[in-house]
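Asker:
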Amino acid sequence: MELYSAGFLLFLAVSLASYYLVGRLVPRGQWALLLVASLAFYGLVGSWETLWLVVLVALVTWAVPLAFVRMEGLSSRQRHALDDRRQRKAVKLRWRRRQRLVLLAALVACFGILAYLKYWNTLLYELGAAPSRGSLGLLLPLGISFYTFQSVAYLVDAYNAKVEPQRNFARHLLFVTWFPQMIQGPINRYDQLGPQLFAPHRWSEVDVSRALVTVGYGMVKKFVMADLLVGIITRLLSSVDAQTPGSLIVLAILMYSAQQYGDFSGGIDMVEGVSELFGVHMAPNFRRPYFSTSLADFWRRWHISLGQWMRDYVFYPFALTAPMKRLGKWSSARLGRHVGRTLPACVANVLVFLIVGIWHGADLHFVVWGLYNGLVIALSDLLRPAFDHLVGALRVDREGRPWHVFAVLRTFAVVNVGWYFDRIEDFGTSVLCLKSTLLNFDPAGLGPSLAALGLKPGERMQIMLAFVAIVVVFAQSLQEERRGHATQSCVAEDFLARPVLVRGATVVTLGLLVLSSFVFNVGGGFMYANY
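Using the numbering used here, the first residue of the sequence shown is number 856, and each one after it goes up by one.
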């Protein structure tokens, strides 16, 4: 059941009607209907066979924070019964260690399930113990990484007393299984999402209009900008060899750059819009990443919720460990203050992006892609004083538009080099493609290479329609960037502020664009649905 299928539209219509009807009769019971809808969605779109795994993760991350509360209560009572300050401190430390052990066990359980289902097939295949990656027949639950990361964030926040543990298991299960986030995120935080899920909501024409515009914009990205390019990109990269001109490879990577953004951000727009139909706003996940001025800035704009999760639960905990502090002091004494302050963060960044690469998949090309991003960011931070000195010596105006445009184009190029390792599944082939790009670009060979592929008229039409969608998305993004919007997108506000005739013409034009994409029957699922 895809998000554009008749089945999903029927499911959504019934859920919305029931939700707002319950809101009129029993406002406090609306959240229960959301839970029923979320569990039904998971079974219909994902698999009823793996639903128990989601419930298990929810059960663990619900029970353990309550155990923390109970253990804290026991610790407090024991301390109050003692007069000696050192004894009270010893009791507190003992109970804290017990809490830490319980937390560790829960983390092992949650990440163990994720690692087993996501990597066990690949590990056995690489060791020669399985004939193929899918030979064990393990089912990868829908959205397993997203609900695992989200649940673990709640668990760690409860351990650090940043959130009040939820005592109602059904409410916690709703937080974990909220159905719009199950497709491909975002990774929501409990203090932001939970109160919205449990609060009563009334029908609002303004909010519903905004939500529908967001869904429509996401459909243009997903179905026109992304899906129409998938097959073309595969054809361009399927027969790469040493004679393939680099210009053809660059064209394929640029298409992939647009396709991946359209698929991921378009999907996020669609699920965000669906969530807003119920009055629930999820965490922003994209903020015009291709207008970034550095690779670090790019990762603050792309998959924002994952970046924030990695920052809070991997980067800072690792960078602030005793070994990293010792590394900082050692390097500061021998290599200077800047290196001493920066090196621990650089090591943490490399670790974070290594994990992000492995999260995408256990294959070598994903690992290299992750390390590439981490090392580029680390080296940029380490060499910042030298770079600043060079820019100053050249008297470059870093506040001027020319520099800003240069920084955006430079970052776009750096990101696209990374896409070579992300998209091309064989590491050796990705290296070959980079070599051809640098040493055999041959722009004159692009035309003959495309002609040799024998693109059909329908495929040429797909490229044209996708290009139109790219122009639409670029124009909207450029407008938002110039206005300095810090939010994910303001397309709904922009659209609803237009005159009625303009809105009508826009709906008809973009609607025809989306319908035209369906003619080619090239649509597929979302890239991140099984992450």
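Ideal Cβ positions, reconstructed from N, Cα and C, are used throughout, including at glycine.
#1: Nearest-angstrom Cα distance between L1320 and V1327?
#2: Hey, out of L1310, Y1145, S1147 and D1124, whose CA is closest to M1137's CA?
#3: List the DSSP bridge partners of W1157.
#4: Verify whether the separation of the beta carbon atoms of S1332 and Y1145 is less than 9 Å.
#5: Assuming Y1168 contacts V1269 (C-beta within less than 8 Å), just tell me the rounded distance between them.
#6: Quick check: what's the CA-CA separation for V1211 versus T1284?
#7: Grab the span of the alpha helix (DSSP H) containing R1044 for me, first residue to last.
#8: Alpha carbon to alpha carbon, how far is F1141 from A1081? Give it in angstroms, no decimals.
#9: For the alpha helix (DSSP H) holding D1349, just list the boundary residues, first then last.
#10: If you draw a straight line from the C-alpha of R883 to the C-alpha of T905, how long is it?
#11: If you draw a straight line from the alpha carbon of L1109 to that of F966, how long is it in whole angstroms?
#12: V1031 and V909: beta carbons closer than 9 Å?
#13: What number of angstroms, rounded off, separates the C-alpha of V1223 from the C-alpha of F1276?
#14: Restricting to Cα atoms, I'd like to know which of I1104, T1069 and I1088 is closest to Q1114.
#15: Taking 9 Å as the cut-off, decide whether the C-beta atoms of V1007 and L962 are in contact.
#16: Rounded to a whole number of angstroms, what is the C-alpha to C-alpha distance between A1330 and V1272?
#17: Does the beta-carbon of V1061 have 16 or more other beta-carbons within 10 angstroms, so that it is buried, or is it exposed?
#18: From the DSSP output, in three-state form, read off F923 for me.
#19: What residue range does the alpha helix (DSSP H) around Y1227 cover?
#20: Measuring CA to CA, which of W1185, F1208 and P1100 is closest to L1150?
#21: Classify S923 as buried or exposed, calling it buried when 16 or more other Cβ atoms lie within 10 Å of its own Cβ.
#22: Report all residues from its chain with a CB closer than 6 Å to the CB of G1225; omit the five preceding and five following residues, and keep chain order.
#23: Classify F1242 as buried or exposed, calling it buried when 16 or more other Cβ atoms lie within 10 Å of its own Cβ.
#24: Do you know whose CA, among E1131, L1293 and Q1039, lies nearest W1058's CA?
#25: Please state whether DSSP places A840 in a helix, a strand or coil.
#26: Would you mind reading off the limits of the alpha helix (DSSP H) that contains W1214?
#27: So the candidates are P920, V919 and L948; which of them puts its Cα closest to the Cα of S931?
#28: Would you say P1100 and D1297 are within 9 Å of each other, going by their C-beta atoms?
#29: Once DSSP output is grouped into helix, strand and coil, what is the label at H1056?
#30: Can you tell me which of R1189, A1233 and K1180 puts its alpha carbon nearest to the alpha carbon of V1205?
#31: For Y1386, collect the residues of the same chain with a Cβ closer than 6 Å to its Cβ; drop the 5 residues on either side in sequence, then sort them by chain order.
#32: For T1361 and I1038, I'd like the C-alpha separation in whole angstroms.
#33: Taking the alpha carbon of A964 as the point to measure from, which residue in W975, A1352 and T916 has its own alpha carbon closest?
#34: When you compare only the Cα positions, how much space is there between P1035 and D1046?
#35: Considering only their Cβ atoms, is the gap separating V1369 from G1394 smaller than 9 Å?
Answerer: For this structure:
#1: 11 Å
#2: D1124
#3: F1141
#4: yes
#5: Incorrect: roughly 26 Å between the Cβ atoms, too far for contact.
#6: 22 Å
#7: Here R1044 belongs to no alpha helix (DSSP H), and DSSP marks it neither H nor E.
#8: 16 Å
#9: V1346 to L1351
#10: 30 Å
#11: 35 Å
#12: yes
#13: 7 Å
#14: I1088
#15: yes
#16: 24 Å
#17: exposed
#18: helix
#19: L1219 to L1237
#20: F1208
#21: Residue identity differs from the one stated: residue 923 is Phe in this sequence, not Ser. When all chains shown are included, F923 counts as buried.
#22: F1208, L1209, V1211 and G1212
#23: exposed
#24: E1131
#25: Any answer about residue 840 is impossible in this case: the structure gives the chain only from 856 up to 1386.
#26: R1192 to H1215
#27: L948
#28: yes
#29: coil
#30: A1233
#31: S1000
#32: 28 Å
#33: T916
#34: 18 Å
#35: With the chain running from 856 to 1386 in the structure shown, residue 1394 is simply not present.
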